[in-house]
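Residue numbers (this note's numbering): 3 to 79.
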């Protein structure tokens, strides 16, 4: 499955997104667009060092800030 199709299928499900700066965002995927911009809700943001955590009600992520990702076996629907 292509990345955009995978993201579309994952809407409404929990998702972990790693950014190029090393931060991670855990939340529920609300939507994505053709440029892989994402909106997550109920987000927990973790610093690159893993020592700071922040709760955010909603986060917009520009697609070019997302690290390349792959589908894992347990993430398959």
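Quick reminder that beta carbons are idealized off the backbone N, C-alpha and C, glycines included.
Inset, instruction - Have a look at residue 37 and residue 64 and give me their C-alpha separation to the nearest angstrom. - result: Counting from one through the chain shown, the residue named residue 37 turns up at place 35. Counting from one through the chain shown, the residue named residue 64 turns up at place 62. Residue 37 and residue 64: Cα-Cα distance of roughly 8 Å.
Inset, instruction - State buried or exposed for residue 29, treating a residue as buried only when at least 16 other CB atoms are found within 10 Å of its CB. - result: Sequence index remark: in the chain shown, residue 29 carries index 27 (1-based). Label assigned to residue 29: buried.
Legend entry - Residue of 41, 57 and 50 minimising C-alpha distance to residue 12: Counted from its first residue, the chain shown places residue 12 at position 10. Looking at the Cα atoms, 41 is the closest of the given residues.
Inset, instruction - Enumerate in chain order the residues of its own chain whose CB-to-CB distance from residue 34 is below 6 Å, with the five nearest sequence positions on each side excluded. - result: Sequence index remark: in the chain shown, residue 34 carries index 32 (1-based). Excluding residues up to 5 positions away in sequence, 9 and 40 lie with their Cβ nearer than 6 Å to the Cβ of residue 34 in the same chain.
Legend entry - Contact set for residue 56: own chain, Cβ-Cβ below 7 Å, skip 5 residues either direction: Indexing the chain shown from 1 puts residue 56 at position 54. Around residue 56: 47.
Inset, instruction - Rounded to whole angstroms, what's the CA-CA distance from residue 16 to residue 68? Just pull it up for me. - result: Residue mapping note: residue 16 aligns to position 14 of the chain shown, counting from 1. Residue mapping note: residue 68 aligns to position 66 of the chain shown, counting from 1. If I take the Cα positions, the gap works out to 16 Å.
Legend entry - Beta-carbon spacing of residue 50, residue 14 below 9 Å: By 1-based counting over the chain shown, the position of residue 50 is 48. By 1-based counting over the chain shown, the position of residue 14 is 12. It is not a contact, given that the beta carbons lie outside the stated cut-off.
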